[in-house]
Structure formats: C-alpha cells, structure tokens
Amino acid sequence: MSSYHERVAEEKRAAIVEAATALFLESGYDKTSLARIADAAGVSKATLFKQFPTKAELFDAIVTDYWHVREGASAPAPGDPAKGLTSLGNRYVAVLTRPGMASLFRIVIAEAPRFPELGRTQFRLGKLPFFESVRDYLAQEHRGGTLVVDDPVLTASQFLGMIADFAFWPRMLLVDWAPTAEAVANAVGEAVETILARHAVTAATGATPV
C-alpha cells in the first residue's frame, strides 16, 4: 500500500473504533450491530467487515488500542528502583487517563454478566500485559539485589492498585473526577515510596526496612 492509502486506512480504522466505543456505551454491546457502526463511522459496510469481520474482533482492537503503550516506551532498566517504578507508574496513569478509557471500563462492567468474554478480553489484552511488565521489572530488581520482592505478583498488584485507586477508579462513580497533574504525580510518588519502604535493600546493611 502507498503511504497515502495506509493513512486513509488508519483514519477509517480510528473512526470505526471511536464509533464502536460510543455506540457500545450508548446502546450496549449486544444491541449494536456492525452495520450501525459502519454508518456512524462514515464508512461502507464492506470496509468495516474487511477490517473487523466480527464484533468480537472489533472489541479486541478497541481494548488493544486503548491499552497500547506508546512506541519507544521500553521497560525501564533495573538498578534504580525509584526511577524505574516512577516511570512505570507514570505510564500506568497515562494509560488509565487516556480519553475513552473510563467508557471502555463501563462497557465491560455493564455487559460482562451477559458477555463474560468482554471481561476476559479486557484483562487478557489490556491489563495483563501491563501488569506483567511491572511484575517482571520487580523480579529483575529482586535478582539484581536492589529490592527484596518474594512475591512480585502481589507487589505489582499493590503498586498498581495504589495508583489506580486515586487516578482512575473514582471516575467510575464521579464523572467529573479530575485530579490535578500535581496530585496524580504525588499519588505515583507515594506509591513508589511505599514500595521502597517495604522492599528496598539498604546500601549499608543489605537488609530491607522493617
């Protein structure tokens, strides 16, 4: 494909994803047809079906797009857990506060009782890969001797939970929840300090804080 046709295809794909997200939230996953999505996106049915033959594949694409971490955001190098955890925490905030993310969660929560596969998709393609990146980073710091993390799964859950409980979950009930950038940065910093206070190895003794 030429660069022009690639750009047009990407624009149509973005329009489809945006229209589908809005319609899923407005009418529910079950009551939203691919034909209706095509109309709302301003594309032909043939164009939509070529990219997304089923609603399930379209929802997969929506989740993948929303949880995508920007290009070049490689995992932080181990050796400086304060810096590494801060980087991961800021990335998590950037993903959770991305426009439309709260709407995506509302779709999943509303439709999961009838369509449990939506919840599994949100977890498998969205939360899980990000969670694993934090878990693996903590395990690396443990092997490197900068942190003592006997259970990286639990510690990753605690770290991400502290951030999400301030930066994201209140938005599920409070649609006008919009903490300042300074407040969010402080929440990330406090989460990092909490993990370090519990798991960091002191240079002088080689022990973790009590």
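Start counting the sequence shown at 350; every next residue gets the next number (the numbering used here). Cβ atoms here follow ideal geometry from the backbone N, Cα and C, with glycine treated the same way. Given the structure is predicted, the values throughout are model-derived calculations rather than measurements.
Quick check on the burial criterion: 16 or more other C-beta atoms within 10 angstroms. Buried or exposed for residue i?
i      : result
SER423 : exposed
PRO402 : exposed
GLY493 : exposed
ALA369 : buried
GLU460 : buried
ALA390 : buried
LEU372 : buried
THR504 : buried
HIS548 : buried
LEU523 : exposed
PHE408 : buried
ILE386 : buried
SER382 : exposed
For the alpha helix (DSSP H) that contains residue i, what are its first and last residues?
i      : result
THR435 : 430–445
PRO465 : 465–470
VAL412 : 404–416
THR370 : 352–376
LYS399 : 394–400
ASP514 : 501–516
ASP525 : ASP525 -> no alpha helix (DSSP H), and no H or E assigned at all.
Tell me which residues share the same chain as residue i and place their Cβ nearer than 7 Å to its Cβ, disregarding the 5 neighbours each side in the sequence.
i      : result
ARG520 : ALA451 and TRP526
ALA536 : ILE512, PHE515 and ALA516
THR554 : Its pLDDT being 49, under 50, THR554 is placed unreliably in this model, and the coordinates cannot settle the point.
VAL366 : ALA410, ILE411 and ASP414
Residues in its own chain within less than 6 Å of residue i by CB, not counting five upstream and five downstream?
i      : result
GLU490 : PRO427, PRO430 and LEU496
THR446 : none
LEU453 : TYR415
Within the same chain, show all residues whose beta-carbon is closer than 8 Å to that of residue i, passing over the 5 residues directly before and after it, in chain order.
i      : result
ASP485 : ALA424 and PRO501
ARG455 : LEU374 and MET521
LYS476 : TRP416
SER482 : ALA424 and LEU437
LEU474 : ASP409, VAL412, THR413 and TRP416
Rounded to whole angstroms, what is the Cα-Cα separation between residue i and residue j?
i      : j      : result
LYS432 : TYR441 : 14 Å
ALA443 : ARG362 : 22 Å
SER436 : SER352 : 33 Å
ASN439 : GLU531 : 12 Å
ARG356 : ALA364 : 12 Å
ARG393 : ARG469 : Correcting the residue type first, residue 393 is Ser in the shown sequence and not Arg. Going from the Cα of SER393 to the Cα of ARG469 covers about 30 Å.
ALA384 : GLU360 : 18 Å
ALA488 : ALA358 : 40 Å
ILE458 : HIS354 : 37 Å
ALA405 : THR551 : 49 Å
GLN471 : PRO478 : 11 Å
Does the beta-carbon of residue i, which I'm using as the reference point, lie nearer than 8 Å to any heavy atom of the ligand MN?
i      : result
ALA410 : The ligand MN is not part of the structure shown, which contains no ligands of any sort.
Touching by the beta-carbon criterion (3+ pairs, under 8 Å), the stretch 540–553 and the stretch 495–514: Touching, yes, given that three or more Cβ pairs across the two stretches are closer than 8 Å.
Segment contact, 8 Å Cβ cut-off, at least three pairs: the stretch 375–382 with the stretch 462–480: yes
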